[in-house]
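In numbering that gives the first Met the number 0, the protein residues as written are 0 to 248.
Ideal placement from N, C-alpha and C gives every residue a C-beta, glycine not left out.
For reference, the structure discussed in these notes is given below.
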Amino acid sequence: METHTLSTEPCCFTASSIVCHLFNDYTGNCTRTEECWCEEIRPGEYHFTYNKTADADTSNYTVVMQWSGRGYPVLSDTYTFHKVYTAEMTFIKFSSTFKKSQEFLVAGEDSTVLEFDVYGIYNIPESVNAPQFYYVTTDGVEHKGCESFDRDTGTCFNQTRTNDRCACRKTGRCVYRISYTLSARQYVSNATVYLFWPGEADVRSDNFTLPQIRKLTDWGCCVPLLLPERITFLLPSIREQWRMKSKEM
């Protein structure tokens with residue numbers, strides 16, 4: 000909020016263009032809106048207030064007040080707003096291990112990692128408003144992943160559970176690197192994973208689809224197929240059997 004008292008006839012607050020008028024163009028009366036407020040203190044002297052809600056567009060925002068007098072318009076000093084930290088996320092990586100095959104993941108062997116930078120906050124007061132990983136299985140059921148921020152203090156921390164793991168570290172002012180590691184299990188085959196950050200303006204990442212996941216004992220998957228070779232070795236062809244009998248005769 001910027002407040003100034005002037006004794007000349009003002010026009011408006013301006014940035015790259017006029018953002019609000021201080022006087023009504025038709026009545027000449029003071030403007031009184033949530034953003035631009037004018038009040039006559041005494042005859043010929045006014046109190047002006049410009050109130051702008053902080054958001055991404057007002058980060059390092061500059062504004063001046065312009066008023067008319069004799070000759071050219073006169074401008075006040077320039078006022079620059081503080082940098083505004085908004086809830087944002089930047090995708091870092093989405094990768095899987097593929098230890099046994101490049102076509103699918105093996106249950107109990109492989110894992111998938113989804114990683115983001117989240118920033119725009121000095122702290123997170125409660126976990127309910129913290130960034131949270133989710134995954135949706137192919138039956139449409141949504142599952143909540145592990146957590147990266149402590150529910151009581153809002154501080155960044157690591158959490159390991161049976162089938163998933165969350166890691167979090169602060170990498171800069173208001174910047175956190177969070178990663179979600181999901182172990183390969185058949186029930187999450189082709190599941191969708193995403194990051195959601197609730198707030199006054201919810202922030203949601205794109206959907207990331209996990210590869211197909213197979214069990215280690217699936218036929219044609221991960222067990223070497225030696226049985227056909229053994230059959231060929233133990234059971235000679237009919238022609239070979241006939242030759243063997245001919246020799247005996």
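| Query | Result |
| --- | --- |
| Rounded separation between W196 and R172 - CA only | 18 Å |
| Three CB pairs or more closer than 8 Å across the stretch 104–112 and the stretch 181–191 | yes |
| Alpha carbon of R213 to alpha carbon of F148, nearest angstrom | 32 Å |
| Endpoints, beta strand (DSSP E) assigned at G43 | Note, G43: premise wrong, no beta strand (DSSP E); not H, not E. |
| Any 3 or more C-beta pairs closer than 8 Å across the stretch 190–204 and the stretch 127–135 | yes |
| Cβ-based neighbour list, P227, same chain, cut-off 8 Å, excluding 5 preceding and 5 following | Residue placement at P227 is poorly supported in this model, since its pLDDT is 40, which falls under 50; the coordinates are not used for a value here. |
| Residues that V117 bridges to, as DSSP identifies them | M88, Y175 |
| Q101: first and last residue of the uninterrupted beta strand (DSSP E) it sits in | Run containing Q101: none; DSSP gives neither H nor E here. |
| Best match in D56, F47, Y25, I40 for proximity to R31 [C-alpha to C-alpha] | F47 |
| Counted within 10 angstroms of its Cβ, other Cβ atoms place G139 as buried (16 or more) or exposed | exposed |
| Reference R164; option with closest CA among C145, C155, R150, I177 | C145 |
| T57, DSSP secondary structure in three states | helix |
| Cutoff 8 Å: K98 Cβ touching any chain D Cβ | No chain D is part of this structure, which consists of one protein chain only. |
| Local Cβ density within 10 Å of S58, reported as buried at 16 or more and exposed below that | exposed |
| Pick from K92, K82, Y25, T52 that is closest to S204, judged by C-alpha positions | K92 |
| Three-state class that DSSP yields for Q211 in the structure shown | coil |
| V63 - DSSP class collapsed to helix/strand/coil | strand |
| Expected contact under 8 Å - CB spacing of V62 and Y49 to nearest Å | 7 Å |
| V187 in three-state terms, based on DSSP | helix |
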